[in-house]
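Worksheet: the structure to be examined is printed underneath.
In the numbering used here, the protein residues as written are 239 to 324.
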């Protein structure tokens, strides 16, 4: 049985070409080959040959990445950034 409500942050990387996050986040940047956002206590940057946004909703971000080159996660908890995620 599937959960009806997601209560905790969820970051899901499938086959290195699809990234889905569920939960509150702050979108920072996107261009043809990269995307960055704040999620939970992390600043996350995704780079690839191309990065495409499939869905951008209030508490869900879904990306398609062609030829993933980098997935960088840096903890922001001590920087006071995650307190402002909406």
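For glycine and all other residues, C-beta sits at the position ideal for the given N, C-alpha and C.
Whether residue i touches residue j by CB criterion (9 Å)
| i | j | result |
| --- | --- | --- |
| residue 272 | residue 264 | no |
| residue 299 | residue 251 | no |
| residue 290 | residue 304 | yes |
9 Å Cβ cutoff, residue i in contact with chain C
| i | result |
| --- | --- |
| residue 274 | Among the chains of the structure shown, chain C does not appear; only one protein chain is present. |
Beta-carbon separation (whole angstroms), residue i vs residue j, contact threshold 8 Å
| i | j | result |
| --- | --- | --- |
| residue 281 | residue 314 | 5 Å |
Proximity winner among the options, relative to residue i (alpha-carbon distances)
| i | options | result |
| --- | --- | --- |
| residue 310 | 255, 248, 274 | 274 |
For a minimum of 3 consecutive residues, which ranges assigned as the beta strand (DSSP E) are wholly contained in the segment 244-304?
Whole beta strand (DSSP E) segments, 3+ residues: 248-252, 256-260, 263-268, 272-277, 280-295.
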